[in-house]
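Line by line, the protein sequences are chains Z and W. 47 is the number of the first residue of the first sequence in this note's numbering; add one for each residue after it. 2 is the number of the first residue of the second sequence in this note's numbering; add one for each residue after it. Note that beta-carbon positions come from the ideal geometry of N, C-alpha and C, so glycine has one too.
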Amino acid sequence: MAIEVRNVDKQFGDFVALEDVSLTVADGSLTALLGPSGSGKSTLLRIIAGLETPDAGEILIGGNDVTRVPVRDRGVGFVFQHYAPFKHMTVADNIGFGLRVRKRPRASVAARVHELLGLVRLDGLADRYPSQLSGGQLQRMALARALAPEPEVLLLDEPFGALDAQVRGELREWLRRLHDEIHVTTIFVTHDQEEAMDVAEQIVLMNSGRTEQVGTAEDLYERPANEFVMSFIGPVNRLGDTFLRPHDIRILADDDSDSDSEALTERIVHLGFEVRVELKLSDGRQIWAQLTRERAAELELEEGQIVSVRLGAARVFA
Amino acid sequence: MAADLASPTPARSADPSRRAARLGVRMIGLGYLGLLLLLPLVMIFYRTFEHGLGPVWTAVTQPNAVHAFWLSIELVAIVVPLNTVFGIAIAIALERQRFRGRALLAAVLDLPFAISPVVVGLALLLVYGDNGWFGTWLSTHGIAVIFSVPGMVLATAFVSLPFVARETIPVLREIGTSAEQAAATLGANGWQTFWRITLPAIRWAVVYGVVLTTARALGEFGAVSIVSGRIEGATQTLPLYVQDRFENFDTTGTYAAAVVLALLALATLVLMNVLTRRTRRAG
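This is the structure in structure tokens:
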């Protein structure tokens with residue numbers, strides 16, 4: 047089901063959490079709400095779920111205005127940041143909860159739970175309690191629980207936030223594959239740009255209660271709408287009003303003639319495939335350049351060397 | 002997951018002065034408890050059974066004693082379920098809802114702790130007594146509140162009201178709202194969420210509140226003493242009966258009834274302990 051957010055405002059006391067936010071999410075798509083903390087992304091997700099009520103504006107799911115529809119009737123699956131497990135229930139009972147409260151027959155609940163345990167690869171752990179599961183397993187249990195009643199929309203609040211880096215990567219990959227399999231319209235909240243770019247088809251970049259830009263990872267990186275988007279997505283050098291990606295700063299070989307400036311190589315950091323060169327321009331300003339290791343080797347760079355640089359693809363936002 | 006972390010045990014210190022200090026603290030704690038709580042209790046048991054079981058049995062099977070026993074049980078049976086249901090409702094209202102007058106309700110909830118039970122009794126007398134606000138209306142309709150069981154129920158309920166709510170509120174705060182919200186997103190209505198999610202999470206706090214409520218209701222003296230009129234064989238609860246025997250210089254009767262009262266309270270504690278342990282093991 048497609049989701050539409052129309053001119054939503056939300057205030058908590060004096061704090062403006064959302065200001066005139068509008069958004070369209072296509073049926074079956076995978077969207078990330080990305081932004082720094084306090085940008086309103088979680089509030090927006092909770093408003094779509096019905097866990098918060100907007101002060102103004104409407105929420106439409108599948109073309110129906112659901113702004114006044116209570117959470118339990120919205121048909122959304124929600125995965126909470128810390129998974130909100132029902133601690134006194136087994137994994138199987140957790141997953142089956144949404145079916146049991148709907149008074150589905152016992153046998154069909156058991157069948158669906160079994161199917162989901164397989165889908166989230168928790169078979170064999172059905173009789174465990176949440177306290178006996180690892181973070182990654184809890185996460186998958188929470189996902190299975192949310193998916194059990196076959197929601198039209200799946201909402202995830204910082205789904206990977208509390209996991210360690212390796213588990214995070216695996217789950218990310220797995221979530222994307224799962225989405226390919228079940229095609230439920232999915233929105234997840236994250237503050238991690240890489241996570242958003244890796245998993246989502248569409249990214250909604252939020253800041254101080256507003257959407258700054260909506261688009262694919264490529265749109266946001268290559269065609270940032272403003273200064274905030276440019277500096278939030280990917281690394282950036284700032285020279286006055288000019289923004290430059292570190293990989294657009296070229297360090298030139300001696301025989302190259304069209305250089306913009308000379309610079310002193312202050313520090314060279316080897317990060318595997320990437321080599322980071324901290325430069326001081328002739329006018330004293332400091333920037334850094336990103337090179338491949340081959341390029342760095344070719345240039346025979348050393349610290350304390352004077353090099354010619356070309357500042358390509360600079361952007362100025364009015 | 003917090004349970005998985007081993008709780009840090011204080012390192013055993015070989016330093017003799019620190020060990021002495023630790024022992025000292027323990028002795029002071031135990032000594033205080035012993036002198037204040039255990040010694041008087043032990044004395045009561047000792048004095049009761051000084052002359053063997055015979056006189057004790059005779060004393061506790063007096064018709065008035067038996068009546069007092071069953072009246073106390075009756076009060077507990079009415080008051081404890083009432084205060085449990087309302088205590089949980091008050092706790093949820095105070096912790097999960099935002100409304101005008103919330104702070105006032107929270108303060109009022111502690112009144113029974115703050116006000117002397119005698120004052121509670123007098124207040125009930127002023128409202129429901131013959132010359133009280135509802136007194137005339139009640140007596141013309143033939144309803145007896147004061148000097149009868151309904152008044153005693155009111156008095157006992159008043160003094161034992163806060164326990165369940167006060168035990169439950171901090172636990173409600175600690176468990177947070179995310180599990181309840183998750184239940185709502187999964188299609189549970191408020192009632193289902195309460196029975197399946199909230200109540201299982203607060204059950205130990207409620208059990209503890211019930212134990213305290215029971216103990217308080219059993220032992221209540223001041224408020225009940227005033228509203229009951231202390232009519233022998235009619236409105237005398239066990240504590241009132243103990244006092245009555247004491248005033249009549251019936252030492253055996255006094256101690257025997259006191260021991261019954263103490264045993265009832267102990268039985269409550271033991272029963273709750275057993276229940277808690279069994280349910281905990283089950284799941």
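{"query": "Could one say the Cβ of Ser-179(W) lies closer than 9 Å to chain Z's Cβ atoms, at least one of them?", "result": "yes"}
{"query": "Taking Leu-290(Z) as the reference, give the member of Gly-330(Z), Gly-108(Z), Gln-336(Z) with the closest Cα.", "result": "Gln-336(Z)"}
{"query": "Starting from His-229(Z), follow the alpha helix (DSSP H) in both directions and report where the run begins and ends.", "result": "Element bounds for His-229(Z): n/a, residue is neither H nor E."}
{"query": "Between which two residues does the alpha helix (DSSP H) harbouring Thr-77(Z) extend?", "result": "No alpha helix (DSSP H) contains Thr-77(Z), which is instead part of the beta strand (DSSP E) from 76-80."}
{"query": "For His-142(W), count the other beta carbons within 10 Å of its own beta carbon; 16 or more makes it buried, fewer makes it exposed. Which is it?", "result": "exposed"}
{"query": "Got a sec: is the Cβ-Cβ distance from Gly-188(W) to anything in chain Z below 9 Å?", "result": "yes"}
{"query": "By the three-class DSSP mapping on this structure, what secondary structure does Trp-334(Z) have?", "result": "strand"}
{"query": "Helix, strand or coil for Ser-354(Z)? Go by DSSP, reduced to three states.", "result": "strand"}
{"query": "Run the CB neighbour count on Arg-218(Z), radius 10 Å, all protein chains shown included, and call it buried at 16 or more, exposed below.", "result": "buried"}
{"query": "Applying the 10 Å Cβ sphere with the 16-neighbour rule, what's the burial state of Arg-99(W)?", "result": "exposed"}
{"query": "Would you tell me roughly how many angstroms separate the C-alpha atoms of Val-122(Z) and Ser-177(Z), rounded to the nearest one?", "result": "26 Å"}
{"query": "Between Ala-206(W) and chain Z, is the shortest Cβ-Cβ distance under 9 Å, so that the two count as touching?", "result": "no"}
{"query": "Who are the neighbours of Pro-195(Z) on chain W, taking C-beta pairs under 8 Å?", "result": "Leu-187, Gly-188"}
{"query": "From Leu-76(Z) to Asn-274(W), what does the alpha carbon distance come to, in whole angstroms?", "result": "52 Å"}
{"query": "Apply the 10 Å Cβ neighbour rule to Gly-59(Z) and answer buried if 16 or more other Cβ atoms are within range, or exposed otherwise.", "result": "exposed"}
{"query": "In the DSSP assignment, find the unbroken beta strand (DSSP E) run with Pro-62(W) in it and report its ends.", "result": "Here the sequence assigns Thr to residue 62(W), which means Pro is not the residue at that position. First-last for Thr-62(W): undefined, no H or E at that position."}
{"query": "For Gln-98(W), which residues in chain Z fall below 9 Å Cβ to Cβ?", "result": "In chain order: nothing, as chain Z lies at least about 15 Å away."}
{"query": "With a 10 Å radius around its C-beta and 16 neighbouring C-beta atoms as the bar for buried, classify Gln-239(Z) as buried or exposed.", "result": "buried"}
{"query": "What three-state label does DSSP hand Phe-61(Z) in the structure shown?", "result": "strand"}
{"query": "Going by DSSP, which residues form a beta bridge with Val-235(Z)?", "result": "Leu-79(Z), Asp-203(Z)"}
{"query": "In whole angstroms, give me the CA-to-CA distance for Pro-146(W) and Glu-75(W).", "result": "One point to set straight first is that residue 146(W) is Val, not Pro, in the sequence displayed. Rounded to the nearest angstrom, the two C-alpha atoms are 16 Å apart."}
{"query": "Taking Cβ-Cβ distances shorter than 7 Å, what residues in chain Z pair up with Ile-170(W)?", "result": "Residues of chain Z passing the Cβ test: none, with the nearest at roughly 19 Å."}
{"query": "Under 9 Å, Cβ to Cβ, is there at least one residue of chain W near Arg-341(Z)?", "result": "no"}
{"query": "Smallest Cα separation from Thr-238(W): which of Tyr-129(W), Ser-226(W), Phe-247(W), Leu-267(W)?", "result": "Ser-226(W)"}
{"query": "Any beta carbon of chain Z sitting closer than 9 Å to that of Ile-144(W)?", "result": "no"}
{"query": "Does the Cβ of Glu-96(W) have 16 or more other Cβ atoms within 10 Å, making it buried, or fewer, making it exposed?", "result": "buried"}
{"query": "Helix, strand or coil: how does DSSP classify Leu-251(Z) here?", "result": "strand"}
{"query": "Determine whether the Cβ of Phe-58(Z) lies closer than 9 Å to any Cβ atom of chain W.", "result": "no"}
{"query": "Are the segment 189-196 of chain Z and the segment 136-154 of chain Z touching by the rule of at least three beta carbon pairs closer than 8 Å?", "result": "yes"}
{"query": "Excluding the five sequence neighbours on either side, which residues of its own chain have a C-beta within less than 6 Å of the C-beta of Ala-3(W), listed in chain order?", "result": "Bear in mind that a pLDDT of 41 at Ala-3(W), under 50, signals an unreliable position, so the number given afterwards is only what the model happens to contain. There are no such residues."}
{"query": "Spell out whether any CB of chain W is found under 9 Å from the CB atom of Lys-326(Z).", "result": "no"}
{"query": "Let me see if you follow: with CB-CB separation under 9 Å, is Val-122(Z) close to chain W or not?", "result": "yes"}
{"query": "Exposed or buried, which one is Arg-158(Z) when buried takes at least 16 other CB atoms within 10 Å?", "result": "buried"}
{"query": "Do you know how far the Cα of Leu-251(Z) is from the Cα of Phe-278(Z)?", "result": "9 Å"}
{"query": "Taking only three categories from DSSP, how would you classify Pro-9(W)?", "result": "Bear in mind that a pLDDT of 48 at Pro-9(W), under 50, signals an unreliable position, so the number given afterwards is only what the model happens to contain. Of the three classes helix, strand and coil, the one that applies to Pro-9(W) here is coil, per DSSP."}
{"query": "Give me the subset of the segment 100-122 of chain W whose CB atoms are less than 9 Å from a CB atom of chain Z, sorted by chain position.", "result": "none"}
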